[in-house]
Amino acid sequence: MEDMMQNIVSLAKRRGFIFPGSEIYGGLANSWDYGPLGVELKNNIRQEWWRWFVTRRTDMVGIDAALVMNPKVWEASGHLKEFSDPLVECKKCHERFRADQVDLKSACPSCNEKGTFTNPSNFNLMLKTFLGPAEDSAHVAYFRPELAQSMFVDFKNVIETTRKRLPFGIASQGKAFRNEITPGNFIFRTREFDLMEFEYFVREQEWEKWFEYWLHDMKKWLLHLGVREDHFHEAEIPDGERAHYSKRTIDIEYDYPFGRKELYGLAYRTDFDLKNHMEKSGEDLRYVDPETQEKMLPHVIEPTFGLDRTVLVAMLEAYSEELAPTAEEGETDTRVVMKFPYWMAPVKVAILPLAKKEDLQKIGKQLHEELSQYVACDYDETQSIGKRYRRQDEIGTPFCVTIDFDTLQDKAVTVRDRDTMKQERISMQELSQYLKEKLNA
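In the working numbering, the protein residues as written are 129 to 569.
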């Protein structure tokens, strides 16, 4: 299973999905940059999530809030006091670890000495910065560790401008920052990451119904991503291990190559956040029922999705190695193919002139210009057609369109299917409609 992670990390760099951050300067611990294909993959997932959970629904609206908020927000939310992990340090090599991720009775993973760990202490995960010219306590600020607080702080403005009625949700996407003690496992755990989440506001007596509803919809989303049902699991988080704001939490865990760990989270936050912000700010954040005029603080169901972890899982699920025929009669080799769902693939169609001939190139570039108006398209004329097919397989392109010498006579092209490798001759006049139907099937 560890080989799978190595394969994914290697492919990610080789094909331009994900690069080590600041690599020419020796990198930065667990910092990653999304390359040309990675940013397309990430954006496709981000946009589809927004469509799935926000735009196609009448009970959801979105916001895009600032990364840095007034520090009083984090005081009211409990993050300055409660948002921490248990930290231990090796007395010999001074490496630091999360206490819940090492065996304190065993040897230090770094120097292999036994009995050298300090007693666990709380390490706050907030990433501190300063606003303005002075670096003192009066100018301390924090990068947000979650998106949720902006949705609570903006709750009153959203209610007044949208006139939404319970139940309804506020959604957000964007960067979050946590000063993790031990980041690692590629893009699984980083200090800077992207989240997609929403706060769904409900009446207290209905929270269990909506909790189950969103748990079911999160599973449907995973299937839509192409994740096999036996690869993800529910984990009920017991008392004492939940976040300070949660009355019930279920983690959706995934079977990564490095073990079963969290992918998404679903929490019942009660009215904890709105109540605290109303008390600390002095603003009335109660919802007024337009029919009964009853005032209440809604309770909240919060589904949280890590976008970077979603990208990782999507790549793990898509990765496949299989025997495939070569250009030599009767011979096969192993091809690597990323079998992304069509909507997710960074490139949907590749245009491949069979040879570097001006008349073939002219048709190819014309097709590329036409198809690029509505679909992510690549143009490739380097190396043999077999090698080009393998390159497109490895980045997950669903369809390759080959322009050959017969195209000059019959005005048709050969369309190759990524998954079956079957080829079909299609008229250039019908190509656009053919691809639209295939990609939207």
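Using N, Cα and C, we set each Cβ at its ideal position, and we do this for glycine too. Everything numeric in this text was worked out from a predicted model, so none of it was measured.
| Asked | Found |
| --- | --- |
| CA-to-CA distance, Glu362 to Glu381, given in whole angstroms | 6 angstroms |
| Per-residue DSSP class, three states only, for Ser138 | helix |
| 4 or more residues per run - each alpha helix (DSSP H) lying fully within the stretch 168-225 | 199-205, 207-210 |
| Residue interval of the alpha helix (DSSP H) (run including Thr278) | Sequence inspection shows Ser at residue 278; the Thr mentioned does not correspond to that position. Element bounds for Ser278: 276-281. |
| Test item: CB-CB of Phe296 and Phe329 under 8 angstroms | yes |
| Selected residue, minimal CA-CA separation from Glu419, among Phe258, Arg291, Met443 | Arg291 |
| Ile315 - DSSP class collapsed to helix/strand/coil | coil |
| Coil, strand or helix - Ile491 by DSSP | helix |
| Pair within 8 angstroms by beta-carbon distance, Leu413 and Leu425 | yes |
| Alpha carbon of Thr294 to alpha carbon of Trp338, nearest angstrom | In the sequence as presented, Thr is not what sits at residue 294; that position holds Leu. Roughly 12 angstroms separates the two Cα atoms. |
| Option nearest Ala269 by Cα separation, candidates Leu215, Glu217, Met197 | Met197 |
| Nonlocal neighbours in the same chain, by C-beta distance under 8 angstroms from Gln557, ignoring five residues either side | Lys539 |
| Which residues DSSP lists as bridging Asp379, in chain order | Ala363, Gly393 |
| Validate contact between the stretch 460-472 and the stretch 506-523 using beta carbons, cut 8 angstroms, 3 pairs | yes |
| Where Asn285 sits in the DSSP three-state scheme | helix |
| Three-state secondary structure assigned by DSSP to Pro526 | coil |
| First and last residue of the uninterrupted alpha helix (DSSP H) at Phe400 | 400-409 |
| With 16 other Cβ atoms within 10 Å as the buried cut-off, status of Cys239 | exposed |
| Whole-angstrom C-beta distance between Glu340 and Pro431, which should lie under 8 angstroms | Contact doesn't hold; Cβ gap of about 12 angstroms is too wide. |
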